[in-house]
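Participant: In my numbering, the protein residues as written are 1426 to 1697. Think of the CB as a built atom: it goes at the ideal place given N, C-alpha and C, for glycine as much as any other residue. This is the structure I want to talk about, given as structure tokens.
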Amino acid sequence: MINGKRIVVVLPAYNAARTLEATVRELPECVDERILVDDHSRDETVAVARRLGLVVHVHADNRGYGGNQKTCYTKALEYGADVVVMIHPDYQYSPLLATALASMVAYGVYDLALGSRILCGGALEGGMPFYKYVSNRFLTIAQNALIGARLSEYHTGYRAFSRELLAALPYERNSDDFVFDNQILAQAVLYGARIGEISCPTRYFPEASSINFHRSTIYGLGVLRTSVQFLLAKSGLHRARIFQFVSRESEQGLARDRKAEIRPLPEGRNSP
């Protein structure tokens, strides 16, 4: 636990047998539960996960990266998570930073914390393909202009969520494909979540998962579509289904609730 909060790490896995153990071995002791959701892998991912003592949930068929995350977050909430940390089991991101990400949420500083590959300035040195770096920067500039969150990147797969935020976001309505990552982040921004970032070095190597140029292009178009949908929802012109929040009357629910917690002292009474 951190600050009395239960920390659950979720690992959305697909053919991760060769890198899973290295990822799990570096997870810090503050983690209370580790849940792996296997998306119908064709290798020994499930066997390795069970040998490592993880809680394992197996999809009977392949539901896609977004569909995997939907199960991850639902299972984490079922297991009583106060903070949910999502990390890819391909050892691309450093598991050692899970404590830092979880702490940002557990101490109530942020509702969502991101591990950025861009803040440290070493994405290319870490092996990120040049075309992915260029597309990352282009899409981030476009999204900062449309969404206005001023993030260093919107595309990291290393994130920590508060229980309250996950319970409020309609993530089940998001895509089952890779653009899920971007949609849930846009939902969080529109909802009024406080979002923080830390730098996170990454490793690109043959065993690490990576989508090809064609899938990257589809993802990029999906990101731009999500940004336009966000802008329309924020302006009140049209609210796409993914931005129809069901647990709050307003997308500013978190901000409103925090403001309501700050109440003036009764007249004539001094603060301690």
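Could you tell me which residues DSSP puts in a beta bridge with Ile1460?
Facilitator: Residue mapping note: residue 1460 aligns to position 35 of the sequence shown, counting from 1. Bridge partners of Ile1460: Val1435, Val1480.
Participant: Taking buried to mean at least 16 other C-beta atoms within 10 Å of its own C-beta, is Gly1573 buried or exposed?
Facilitator: Numbered from its first residue, the sequence shown carries residue 1573 at position 148. Burial call: exposed.
Participant: Here's a check: name, in chain order, each residue in its chain whose Cβ is nearer than 7 Å to the Cβ of Lys1430, leaving out the five neighbours to either side.
Facilitator: As a working note, residue 1430 is residue 5 in the sequence shown. Hits under 7 Å: Asp1507, Val1508, Ala1531.
Participant: If you follow the beta strand (DSSP E) that Glu1622 is part of, which residue opens it and which one closes it?
Facilitator: Within the sequence shown, residue 1622 is the residue found at index 197, counting from 1. Note, Glu1622: beta strand (DSSP E), 1620-1624.
Participant: Helix, strand or coil, according to DSSP, for Leu1539 in the structure here?
Facilitator: Here residue 1539 refers to the residue found at position 114 of the sequence shown. Residue state, collapsed to three classes: strand.
Participant: Go ahead and pull the three-state DSSP assignment for Ala1441.
Facilitator: If you number the sequence shown from 1, residue 1441 lands on position 16. Correct three-state label for Ala1441: coil.
Participant: Which first and last residues belong to the alpha helix (DSSP H) in which Met1529 is found?
Facilitator: In the sequence shown, the residue the question calls residue 1529 occupies position 104. Where Met1529 is concerned, the enclosing alpha helix (DSSP H) stretches over 1523-1531.
Participant: Compute the Euclidean distance between the alpha carbons of Gly1645 and Phe1563, then round it to the nearest angstrom.
Facilitator: One-based indexing of the sequence shown puts residue 1645 at position 220. One-based indexing of the sequence shown puts residue 1563 at position 138. Each residue's alpha carbon lies about 10 Å from the other.
Participant: With H, G and I counted as helix, E and B as strand and the rest as coil, what does DSSP make of Ser1587?
Facilitator: As a working mapping, residue 1587 is identified with position 162 in the sequence shown. Three-state result, Ser1587: strand.
Participant: Beta-carbon separation of Ser1587 and Leu1544 under 8 Å?
Facilitator: Position 162 of the sequence shown, counted from the first residue, corresponds to residue 1587. Position 119 of the sequence shown, counted from the first residue, corresponds to residue 1544. Against a cut-off of 8 Å, the Cβ pair of Leu1544 and Ser1587 comes out as no contact.
Participant: Taking buried to mean at least 16 other C-beta atoms within 10 Å of its own C-beta, is Arg1575 buried or exposed?
Facilitator: Within the sequence shown, residue 1575 is the residue found at index 150, counting from 1. Arg1575 is exposed by the Cβ-count criterion.
Participant: Looking only at DSSP bridge pairs, what is Tyr1579 linked to?
Facilitator: Within the sequence shown, the letter at position 154 stands for residue 1579. Answer is none; Tyr1579 lacks a bridge partner.
Participant: Can you list, in chain order, the residues of its chain whose CB lies under 6 Å from that of Gly1552, leaving out five sequence neighbours each side?
Facilitator: As a working mapping, residue 1552 is identified with position 127 in the sequence shown. Answer for Gly1552: Tyr1629, listed in chain order.
Participant: Taking the alpha-carbon positions, what's the Val1471 to Gly1661 distance?
Facilitator: Here residue 1471 corresponds to residue number 46 of the sequence shown, with the count starting at 1. Here residue 1661 corresponds to residue number 236 of the sequence shown, with the count starting at 1. So the alpha carbons of these two residues sit roughly 45 Å apart.
Participant: Nearest to Tyr1504 by alpha carbon, out of Thr1448, Asn1493, Val1434, Ala1527?
Facilitator: Locating residue 1504 in the sequence shown gives position 79, where the first residue counts as 1. When only C-alpha atoms are compared, the closest one is Val1434.
Participant: Look up Ile1427 in the DSSP assignment and say whether it is helix, strand or coil.
Facilitator: Within the sequence shown, residue 1427 is the residue found at index 2, counting from 1. Of the three classes helix, strand and coil, the one that applies to Ile1427 here is strand, per DSSP.
Participant: Is the Cβ-Cβ distance between Asp1463 and Ala1501 less than 8 Å?
Facilitator: Translated into positions along the sequence shown, residue 1463 becomes position 38. Translated into positions along the sequence shown, residue 1501 becomes position 76. For Asp1463 and Ala1501, no; Cβs fall outside 8 Å.
Participant: With a floor of 3 residues, list each beta strand (DSSP E) that falls wholly inside the region 1483-1512, ordered by position along the chain.
Facilitator: 1508-1511
Participant: Could you spell out the range, first to last residue, of the alpha helix (DSSP H) harbouring Tyr1518?
Facilitator: As a working note, residue 1518 is residue 93 in the sequence shown. Looking at the DSSP string, Tyr1518 is not in any alpha helix (DSSP H), and its letter there is neither H nor E.
Participant: For Lys1659, which residues of its own chain have a beta-carbon under 7 Å away from its beta-carbon, when the five flanking residues on both sides are left out?
Facilitator: The residue given as residue 1659 occupies position 234 in the sequence shown. Excluding sequence neighbours, Lys1659 sits near Leu1615.
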